[in-house]
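Undergrad: Numbering follows full-length UniProt numbering, with no gaps: position 19 of the sequence shown is 19.
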Amino acid sequence: TAGLTTPNPIVAPNSADLSADFHTYGIELLTNSINWYLDGVLVQTVSKTDAAKYPTLAGDFPMIGLYTTSRFGDAVGTPDYTAGPKHAYIKWAKFTHY
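(1) Can you list, in chain order, the residues of its chain with a C-beta nearer than 6 Å to that of D39? Leave out the 5 residues immediately preceding and following it.
(2) Please report the distance separating the alpha-carbon of P7 from that of P79.
(3) Express the C-alpha separation of S47 and G26 in angstroms, rounding to a whole number.
(4) Does DSSP classify T31 as helix, strand or coil?
(5) Can the beta-carbon of N32 be found less than 8 Å from the beta-carbon of L42?
(6) Within the continuous beta strand (DSSP E) that includes L42, where are the two ends?
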């Protein structure tokens, strides 16, 4: 949870089918806020003034997280856990400090 005092899950807009194609995700860490982007569109902003939702460790180290569907539900359909190993493909990752 990167230092969150209250869980603040970031979810895709209901109209986005994240299983249909590759997508571009972006996170912009600014001095007083964090912006999340999906395919170049801003989907959420958290302000540092909202301390309960702002990660205290934001920007300390970059990381990419992959999570099991058992925690986040079946947004793109019911998972079949008997179908063997699952894979996630990351085409590229870029971290820019500015």
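Idealized CB from N, CA, C, for every residue including glycine.
TA: By the coordinates alone:
(1) Taking the sequence shown and counting its residues from 1, the one referred to as residue 39 is at position 39. H23, T24.
(2) One-based indexing of the sequence shown puts residue 7 at position 7. One-based indexing of the sequence shown puts residue 79 at position 79. Its pLDDT being 48, under 50, P7 is placed unreliably in this model, and the value from its coordinates should be taken loosely. Each residue's Cα considered, the two are about 23 Å apart.
(3) Looking up residue 26 in the sequence shown gives position 26. Looking up residue 47 in the sequence shown gives position 47. Whole-angstrom Cα-Cα distance: 17 Å.
(4) As a first step, residue 31 must be located in the sequence shown, where it is residue number 31. DSSP places T31 in coil when its eight states are reduced to three.
(5) As a first step, residue 32 must be located in the sequence shown, where it is residue number 32. As a first step, residue 42 must be located in the sequence shown, where it is residue number 42. The answer is no: Cβ separation not under 8 Å.
(6) If you number the sequence shown from 1, residue 42 lands on position 42. Start and end: 41 to 47.
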